[in-house]
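In this text, residue positions in the sequence shown follow UniProt numbering: the first is 1, and each later residue adds one. Cβ atoms here follow ideal geometry from the backbone N, Cα and C, with glycine treated the same way. To keep things clear, I will list the structure first and then write my remarks on it.
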Amino acid sequence: MSYLLPIFTYKTADTWETVERYKPGLWCDIIGDKIALTLPSASVRQLSDPTMTMKIWDSVVSAHIDLLGKDPSNGRGQWVVTDEQPSIGYMHSGYQIVTHLDMADPNKEGAMYDKWCTNPGIALLVYAQLARDFGWGTYKSVFRTYDKIPKDKRPSNQQEKENMWIQTFFQCSQEESEPRFRILGDGRFGAWTI
């Protein structure tokens, strides 16, 4: 099959622009160390060397694994497959992650969120401030704690999710983070209660 399907790996990078991207197969695999993308071959015919792009995506997946508190050098990577008709919804996760070929318009396909969620910059600013002040190790502890929560003990609504996040972060930080959350819950970003 390797003579039919365009395949990019770090080992085939030197032949990508002259041979691999022109192979006649309908689908193409672009494979890094931590992520693989399956795309229609027609979409990669003009794609120059994807090495740098794949290194960036490998680092993104490695950072995600590291934040989960796991060793990025162990385990399998992610696999993203584009398809005309995913079997479930617009995009679904699993192994593999399956999505449509086009780009989603979050205003049409995305879910509606509450007030503070309509501006993702607000939420990202809070996460960035907490990472700066308490370190990424706290996030790793929070994520490991979340992994251990039985399904029947998980929050069932948005307020419970926010409360659990604040309480878990406070416990994992082992510092006095509660006043910061009280300031963030002063009504400007929503009504957080502790």
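Among the options, which has the Cα closest to the Cα of residue i?
i, options, result
"Ser41", "Tyr139, Asp29 and Ser48", "Asp29"
"Asp147", "Leu68, Val19 and Thr138", "Leu68"
"Tyr3", "Lys23, Pro150 and Arg144", "Lys23"
"Glu20", "Gln174, Ser73 and Val44", "Val44"
"Thr12", "Met54, Phe169 and Pro72", "Met54"
"Thr9", "Gly25, Leu26, Gln46 and Asp58", "Asp58"
"Lys153", "Met164, Phe143 and Ile97", "Met164"
"Val126", "Leu5, Leu101 and Glu162", "Glu162"
Quick one: what's got a C-beta closer than 7 Å to residue i's C-beta in the same chain, skipping five residues either side?
i, result
"Asp14", "none"
"Glu17", "Ser48 and Asp49"
So if DSSP puts residue i in a beta bridge, which residue, or which two residues, is it bridged to?
i, result
"Phe8", "Ile30"
"Ile56", "DSSP lists no partner for Ile56."
"Ile97", "Val80"
"Ala36", "Ile31 and Trp79"
Which same chain residues, not among the five before or five after residue i, have their C-beta less than 8 Å away from its C-beta?
i, result
"Gln174", "none"
"Ala36", "Asp29, Ile30, Gly77, Gln78, Trp79 and Val80"
How about residue i and residue j: are their beta carbons less than 8 Å apart?
i, j, result
"Ala131", "Tyr139", "yes"
"Thr99", "Thr38", "no"
(message) Is it the case that the region 63-80 contacts the region 21-36, given that we only count it when at least three CB pairs across the two stretches are under 8 Å?
(response) Contact annotation: the region 21-36 touches the region 63-80, with at least three C-beta pairs closer than 8 Å.
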